[in-house]
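One structure is given below, encoded as structure tokens.
Chains as they are written, first to last, in the numbering used here: chain A, 35 to 379; chain B, 35 to 379; chain C, 35 to 379; chain D, 35 to 379.
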């Protein structure tokens, strides 16, 4: 069916993921992860985040985030995240449900948390009436399409560690961040002090499957039980492992993300040329544009996408490009902008 | 790799499941279930459990069970299940974690719960110091390989409903039960009074994917939030829906289960002919055999399988057949029995 | 020891509460609430909130709030409360822990939630990715010392009910509100549409003990189990019931609250006369004053109190009066203000 | 009202507890435990369990148990306890609710857990499908009225520690155990390897109030948040501290428990002399007697008590003596036995 700019979750799987699944579908292997395909998938991810990482496959992004966070939290602790973060707003309270802990959403103009946003909350440490900050959680790419530099990540990690806290990264769009930064993944994860990483697969060409990567040694010793009791243990895990091995053990992950980012850049350029004001500069595979509600309605008739949030009289529209978005998809959409904006502020 | 008798989770996916995934991998569709493949999958399951059923896809069996149970329970309630039930013993406490409620495991000789097992616990109703029985949970096929008749299910459902309780069925091997009973699925689910059903897919030829089916109207109105907050909402849900549509919308599900059951019967016959004593009569795709530890060790070298539990000097071995077990697999294993038993009690 | 303005939790028990406990301490009675003193306590509270109310005693305010909320929430739901609310900020995440649900704290300038604060959040209803607003929780007296009029409560109740939600009131300082409004308690609770009320005892002269009052019929049918599984069932409940019977079954509750409010008014008048700027008008037993940090430090040496929050160069100080605050306490403190402010902005 | 043998929870408070509360009711002190009375209460308990213990007051026994257990458990862990234990059966699932973990109840003939009961469960360590034994929880006095010797406790502690587990003791009737053993409390707690102790107050003469004592250093560092988020932080904590200081800082605790135990012994002797068969030897303040249902009904008309459980044609009756049970209470009850048993088997 027609490709849209609604979500990279709306795209299908890259052919290499399907081929990997087909190849892995041979005979019997041990269930629950004790199989060679899972081992290969783990090796592929370790090639990106370091051989010391403890890597566990789970089903989906929410599953990765909640089991990761739960393994770091105790009763009365809290997670500090930007208010736009998936863990703060888009998981129907799953983090609270799995951990029993509060997620404190901090307003962050561009979706990125900064030290100055976190510091005021640290005065709660030691006040037994208030939740205790234990984890800082950031999304890379952020939900606003912005990207943290390695230095920005490192600064947050240092802040966290200086206060007995952990830094968690929700990497649902990790590949797009690596391409945007033109850096290896470990440069802004392991090497920047991230303790636990939700390593995204689905949005970048897998059918399903994510990973929780413990980058700081010693944090994963109980995770097998965390994952199982969290409902995130796949019986036929080989089908997750095989996909990661195929896509992240080759250059496919990079090609997918690079293509998606390039399509977003093309879309942003075209939109600006057509007179659209961007809400902020796109950094990865998402474009946020300021449009009148009328223009948005007309453009949604051309290709589906979501409103992000109102901004005065206008609305911020979110356009997401995927690994399979084509130049034609973009150009057709851009070509429709002038008519859509006609007569609109 | 070599097929074994360890678990139907060790088998791969039926070719039709793979084909369905490949066909569904076309263009963009709405994520999270608003796509035509999910709709087809739901229709396929409704053809088995009735059009009034509310059907929701989830990732795995634990996910199906815990979200189903959670939607039925309130603080201080409990689930009554056989002590051998997956929800009681094999999910690392996931039901307690998701629901905050106790699972009361009742010893049941053949893995099947009976009215007489449940009734003594119902005297707790109204005693605020004790957990309140709210759900009876049975597995069909039971974890011991035994199968409930429709009447046995109905009797439990009537007991449950007479006491303001619900009957949940863990149908991880539902297809094998239907074949064993030679009945349509609805005969021992919807028509027998089951309120909520965990509809199993993975063990019968899917790559992944299960469903929660609310058979009693009015119970599902909050399940969308239950599923999402439970970490069980697949973004690319089309790949679950397409598999169910292909396998349960055709005769494939029945062929898979019928084959697995037939292989178990063949294995049981062969083993008995070779002098093996069965722990109890196999009804579906699992055989439980009494063997000395030495014989078990020798046979595990031929083909992997798990010990079930000790029984005096001997051990009950569990042999599971899958949709892809071949007659040769069975015959080769049976042929190895005499030598394995030689010199053993 | 010296009385201060730090908290009404720092005050002791009214003599009538002690006398009641002594009188109730006679022989054996059934534990866990089936005793005549508990029955009298329930009758006393029903005289304030209506005979149809279901009344349950618990230990403390957090216990009342979390069991009340938990009995109204399902997985994926949320509570909307002012960001200053005790349930949002001062219970170390207990509401999230007990309910697994998110508490959404909404900034509210004077600590009081208004319809316009809640309405934008109601658009989440039906979006399965976002928590579902199910309860509006307000504090009466609010944590800022302000008081809702019956009409303000009713408007929120109507909004809640129009959207399938409930209105919860945290009445830790309910008595002070009744005095401030010069209205019977039921005028701004039962009669104003409140569904569930945390009825405060400890801050108004009890040793310990609060109550959960279900004002809307039909909501309490599972609360016995909610309370017990929530750790809030007192074995020797007679000692809570007797205190409520003595204090709320007579005019003592009103005298205590009226006195505390009068002392706060005296303190506010004296402070203003001494040149202090109030942060906002006091309505009940708390005064919030804008002072320089130096002045605050000097005054805290006179009588202990807490900083509320910074406001520019100054800090808002919170002065709380109790049932046992004396005119001399107030006058001595007021007399110290000029010297404390000398040389301060 | 009439004293019965139903429960030591039915008794009132010892006069010394009331006097302590009255004395503590003077002026203002810091709420939430930073007051001199709480400090004295902690000192009193440390005199019994050692100065290294971390002592925290909570409201009730369930609160003590669940916060103690929660501070020791992680996702997927379990607690092993006798199936008669309060944490296993009498807290309406509160342990599961607070911890999300399973409580595995092990049948234990006399209510006391032994190494042989626990060892078979330890084979689950490392199996990610099964809950991980992390805490052994025993009650001293056991719910059956039996008492562990220091050696029995020590053996369980050594087993626990050898397997990376903790030993928790539910000491709701700790004082009665000390009297029964004629030993200081620390002989069978701190010195016997108990890691965390629920120190009971209410059943031995307090109005309300229990304590959680961490006897092993390093386990309590997060308990302030555990307690607050668990709803167990008393605002006017001085009234708990003062009671413990008065009763456990003097000989009152011992006199109360010694009296209750003596009354139980008198009752047991009298009953046996009247022809009653005891279910097992009473060790502390509870007597369990085998009687026909008719005899029980007749005796309950004399003085209330609870049935414990059926035993063939007969029922085990539980008679509990309290700190305030009198010799006359006992003798009057014993005198009624012959008539009650007349004509009964």
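Don't be surprised by glycine CBs; every beta carbon is placed ideally from N, CA and C. It should be emphasised that the depicted structure is a prediction, and the values quoted were computed from it without experimental measurement.
Q. Would a C-beta distance cut-off of 8 Å place residue 74 of chain C and residue 235 of chain C closer than the cut-off?
A. Not a contact, by the Cβ cut-off of 8 Å.
Q. Quick one: what's residue 136 of chain C bridged to in DSSP?
A. C:112
Q: Please report the residue range of the beta strand (DSSP E) in which residue 203 of chain D lies.
A: 200–205
Q) Quick one: what's got a C-beta closer than 7 Å to residue 44 of chain D's C-beta in the same chain, skipping five residues either side? A) 38
Q: Grab the span of the alpha helix (DSSP H) containing residue 213 of chain B for me, first residue to last.
A: 208–215
Q) At a cut of 8 Å, does the stretch 282–292 of chain B reach the stretch 97–104 of chain B through at least three beta carbon pairs? A) no
Q. Taking the alpha-carbon positions, what's the residue 170 of chain A to residue 227 of chain A distance?
A. 12 Å
Q. Taking any Cβ of chain D, which residues in the stretch 145–177 of chain B have a Cβ under 7 Å from it, in chain order?
A. 162, 163, 164 and 165
(Q) Which residue marks the beginning of the beta strand (DSSP E) containing residue 172 of chain B, and which one marks its end? (A) 166–173
Q.
For the beta strand (DSSP E) containing residue 81 of chain D, name the first residue and the last one.
A. Run containing residue 81 of chain D: none in the beta strand (DSSP E); it sits in the alpha helix (DSSP H), 70–83.
Q. Comparing the C-beta of residue 48 of chain C with each C-beta of chain B, is any distance below 8 Å?
A. no
Q. Counting contacts by CB-CB distance shorter than 8 Å, is residue 68 of chain D in contact with chain A?
A. no
Q.
Measuring only the C-alpha atoms, how far is residue 94 of chain A from residue 270 of chain B?
A. Between residue 94 of chain A and residue 270 of chain B, the alpha-carbon positions lie close to 10 Å from each other.
Q: Evaluate contact between the stretch 79–98 of chain D and the stretch 258–266 of chain C, counting only Cβ atoms and requiring at least three cross-stretch pairs below 8 Å.
A: yes
Q.
Which residue wins for smallest C-alpha separation from residue 90 of chain D, given the options D:233, D:315, D:355 and D:123?
A. D:233
Q | Rounded C-alpha distance that separates residue 70 of chain B from residue 272 of chain B | A | When rounded, the distance between both Cα atoms is 8 Å.
Q) Going by other Cβ atoms of all chains shown within 10 Å of its Cβ, with 16 needed for buried, is residue 9 of chain D buried or exposed? A) As shown, chain D starts at 35 and ends at 379. That puts residue 9 of chain D outside it, with no answer to give.
Q. Beta-carbon of residue 180 of chain D versus every beta-carbon of chain B: anything under 8 Å?
A. no
Q: Locate the alpha helix (DSSP H) running through residue 282 of chain D, then write down its first and last residues.
A: For residue 282 of chain D, the uninterrupted alpha helix (DSSP H) run begins and ends at 272–282, by DSSP.
Q. Expressed to the nearest angstrom, what Euclidean distance is found between the alpha-carbon atoms of residue 173 of chain C and residue 41 of chain D?
A. 38 Å
Q: On a CA-only basis, which of A:361, A:309 and A:341 is nearest residue 378 of chain A? Give me that one, please.
A: Nearest of A:361, A:309 and A:341 to residue 378 of chain A, Cα basis: A:309.
Q: Could you spell out where the beta strand (DSSP E) holding residue 232 of chain D opens and where it closes?
A: 230–233
Q | Best match in B:121, B:120, B:107 and B:58 for proximity to residue 127 of chain D [C-alpha to C-alpha] | A | B:107
(Q) Taking DSSP's pairing of strands, which residues face residue 246 of chain A in a bridge? (A) A:90 and A:232
(Q) With H, G and I counted as helix, E and B as strand and the rest as coil, what does DSSP make of residue 142 of chain D? (A) coil
(Q) Counting beta carbon pairs with one atom in the stretch 351–358 of chain C and one in the stretch 314–330 of chain C, are three or more of them shorter than 8 Å? (A) yes
**Q.** Residues from the stretch 242–274 of chain C in contact with chain B, defined by Cβ distance under 8 Å
**A.** 256, 258, 259, 260, 261, 262, 263, 264 and 267
Q.
Just checking: is the beta-carbon of residue 237 of chain A within a distance shorter than 8 Å of some beta-carbon in chain C?
A. no
Q. Is residue 344 of chain D helix, strand or coil by DSSP?
A. In this structure, residue 344 of chain D counts as strand in the three-state DSSP scheme.
(Q) Quick test of your reading: residue 82 of chain D and residue 220 of chain D, contact by CB under 8 Å. State the CB separation rounded to the nearest angstrom. (A) 6 Å
Q) Using 8 Å as the threshold, is the stretch 331–343 of chain C in touch with the stretch 190–201 of chain C, meaning 3 or more CB pairs across them? A) no
**Q.** C-alpha distance - residue 87 of chain A paired with residue 258 of chain A, whole-angstrom precision
**A.** 15 Å
Q) Does the beta-carbon distance from residue 140 of chain C to residue 117 of chain C come in below 8 Å? A) Result yes, Cβ atoms of residue 140 of chain C and residue 117 of chain C sit closer than 8 Å.
**Q.** Chain-order list of residues whose beta-carbon lies under 7 Å from that of residue 208 of chain C (same chain, five-residue window excluded)
**A.** Excluding sequence positions up to five before and after residue 208 of chain C, its CB lies within less than 7 Å of the CB of 174, 219, 233 and 234, all in the same chain and listed in chain order.
Q: Tell me, please, which residues DSSP counts as bridged to residue 352 of chain A.
A: A:322 and A:340
Q. In chain C, which residues lie less than 7 Å from residue 97 of chain D when you measure between Cβ atoms?
A. 265
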